[in-house]
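Shown next, in structure tokens, is the structure this report addresses.
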Amino acid sequence: MVFGATGFVGRHLVLALGRAGVRVGTATRSGESYRRLAAWLAGHGHHPAPADLRVDFGAPALTRDDVTAWDDVTEVYNCAGAYRFGMTAEEARRANVESVRAVVALAARLPRLRRLVHVSGYRVGGQDPALIPWSDERRRRVYRALGAYEASKVEADAMLRAVADQAGVPWSVVNPSSVIGDSVTGESDQLLGLASSVEEIWRGAMPALPGGARTFVPVVTVDHLARFMMLLPVDAAAERGSYWVLDDDTPALPDLLTLIARHYGVKVPRARVPVPLLRRLPRRITRTDPETLTFLSSDRYPTGPANALAARHGLTMPDVTTSLLRWADHLAAHHFTA
1 MVFGATGFVG RHLVLALGRA GVRVGTATRS GESYRRLAAW LAGHGHHPAP
51 ADLRVDFGAP ALTRDDVTAW DDVTEVYNCA GAYRFGMTAE EARRANVESV
101 RAVVALAARL PRLRRLVHVS GYRVGGQDPA LIPWSDERRR RVYRALGAYE
151 ASKVEADAML RAVADQAGVP WSVVNPSSVI GDSVTGESDQ LLGLASSVEE
201 IWRGAMPALP GGARTFVPVV TVDHLARFMM LLPVDAAAER GSYWVLDDDT
251 PALPDLLTLI ARHYGVKVPR ARVPVPLLRR LPRRITRTDP ETLTFLSSDR
301 YPTGPANALA ARHGLTMPDV TTSLLRWADH LAAHHFTA
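Residue 33 in full-length UniProt numbering sits at position 33 of the sequence shown, and the numbers go up by one each step.
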């Protein structure tokens with residue numbers, strides 16, 4: 001069962017599961033969203049349409065459907081949540097924190113459950129579940145420092161571990177970086193984050209390259225991420241594990257944008273703006289939501305366990321340069337529209 005199946009990662013996960021011969025159910029909020037999902041899957045060769053569970057994250061039991069009809073579910077993937085900037089803390093918590101509690105509660109009712117796989121994030125993974133529930137003071141401090149989106153993902157990461165352990169639900173967490181298009185086709189309709197910088201390059205609207213030689217905004221292709229997620233429930237050693245899934249060979253951000261600019265045949269901005277200066281500049285100059293600036297970092301991430309698990313199962317990372325350029329081509333061909 002896949003929650004968040006209508007989103008970018010969720011759709012590609014359902015597609016990958018179907019191609020592997022796995023019988024899939026999708027948890028969707030409306031008949032209209034399910035029909036759009038089924039049409040997209042059919043257009044990508046996924047037949048028959050997945051089984052459908054109607055969910056309401058505002059309802060006490062998450063679904064009014066008879067959950068016993070889903071007693072044969074062995075894997076639950078939680079890709080649900082809101083990926084956008086500018087939310088209030090209440091909106092972000094409702095979408096990204098309370099939804100985790102609801103998914104775990106439903107998973108705990110499935111008698112044959114083998115694993116709950118939760119999608120967290122590379123900047124937020126590894127939180128301490130002992131701190132749940134967060135105090136009001138801690139919540140105010142973290143949300144003020146990180147912004148509503150990233151802070152809600154931090155809180156959700158800790159919440160997942162805490163409530164799953166309390167409910168006896170076996171879990172694995174995947175912490176992906178910026179997710180780009182399919183490694184073969186470049187297909188993506190995710191236009192936030194790094195894609196918005198690529199659009200600025202394409203339009204010739206970026207006056208200066210952000211960051212420096214150590215600014216690392218790693219990427220992973222959506223199809224590789226989906227295949228990696230499929231491995232977690234079938235690997236006993238992955239239970240209660242957190243896995244950072246990203247390409248360590250991703251170029252530094254200015255080099256990545258330069259690569260794409262040259263591929264597009266557009267002028268490469270000559271100036272560079274250091275991250276500390278970017279954070280001090282007003283938004284009217286940067287034209288960037290302040291929440292996104294926390295992702296401009298020189299940090300590196302503990303990818304060893306994910307790389308080892310992938311190697312055990314023969315899963316290899318696609319070439320990052322080829323994948324970036326195919327993604328850039330797809331975005332440009334569709335004029336950066338979903």
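Note that beta-carbon positions come from the ideal geometry of N, C-alpha and C, so glycine has one too.
Asked, Found
"DSSP three-state call for Leu259: helix, strand or coil?", "helix"
"My assumption, with CB atoms under 8 Å, is that Pro305 sits in contact with Gly241. Please give the rounded CB distance.", "6 Å"
"Given a cut-off of 8 Å, decide if Val163 and His12 are closer than it, judged by their beta-carbon atoms.", "no"
"Ignoring anything shorter than 3 residues, give me the beta strand (DSSP E) runs that lie fully in the stretch 82 to 150, in order along the chain.", "115 to 119"
"Using the C-alpha atoms, what's the distance from Val76 back to Leu62?", "14 Å"
"Could you tell me which whole alpha helix (DSSP H) segments of length 4 or greater appear in the stretch 231 to 317?", "253 to 264, 275 to 280, 283 to 286 and 304 to 312"
"How far does the alpha helix (DSSP H) with Gly43 in it reach, from first residue to last?", "Gly31 to Gly43"
"Is it true that the CB of Leu277 sits closer than 8 Å to the CB of Leu293?", "no"
"Would a C-beta distance cut-off of 8 Å place Gly212 and Arg270 closer than the cut-off?", "no"
"Can you tell me whether DSSP reads Phe216 as helix, strand or coil?", "coil"
"Contact check, Met1 vs Val73 under 8 Å by CB: the rounded distance?", "5 Å"
"Return the residue from the list Leu325, Val275, Val268 and Ala261 that minimises the CA-CA distance to Arg214.", "Val275"
"Among the residues of its own chain, which have a CB less than 6 Å from the CB of Leu160, if the five just before and after it don't count?", "Val100 and His118"
"Is it true that the CB of Phe228 sits closer than 8 Å to the CB of Arg300?", "no"
"With a threshold of 8 Å between beta carbons, is Ala5 in contact with chain B?", "As a matter of chain content, chain B is missing from the structure shown, which is built from one protein chain."
"Where does Phe57 sit, in a helix, a strand or coil, going by DSSP?", "coil"
"Look at Glu155 and Val97 and say whether their C-beta atoms are less than 8 Å apart.", "yes"
"Put Ala205 into one of helix, strand or coil per three-state DSSP.", "coil"
"Ala238 to Arg115, Cα distance in whole Å?", "9 Å"
"In chain order, what residues of the same chain lie with their CB nearer than 7 Å to the CB of Gly7, ignoring the 5 residues before and after it?", "Cys79"
"Can you pull the DSSP bridge partners for Trp171?", "Leu116"
"Would you check if the stretch 196 to 213 and the stretch 311 to 331 touch, i.e. whether three or more CB-CB distances between them fall below 8 Å?", "yes"
"Could you tell me whether the Cβ atoms of Phe85 and Gly25 are closer together than 8 Å?", "no"
"Whole angstroms are fine: how far does the CA of Phe295 sit from the CA of Asp247?", "16 Å"
"Hey, out of Pro207, Pro282 and Ile180, whose CA is closest to Leu191's CA?", "Ile180"
"What residue from Ser30, Val14, Ser323 and Gly4 has the CA that sits closest to Ser183's CA?", "Ser323"
"Can you name the start and end residues of the alpha helix (DSSP H) that Gly10 belongs to?", "Phe8 to Arg19"
"Since I believe Ser178 is in contact with Val245 (beta carbons under 8 Å), could you give me their beta-carbon distance rounded to a whole number of angstroms?", "Contact doesn't hold; Cβ gap of about 11 Å is too wide."
"Nearest-angstrom Cα distance between Ser172 and Gly125?", "11 Å"
"How would you label Val103, buried or exposed, when you count the other beta carbons within 10 angstroms and need 16 or more for buried?", "buried"
"With burial defined as no fewer than 16 other Cβ atoms inside 10 Å of the residue's Cβ, what is the status of Arg262: buried or exposed?", "exposed"
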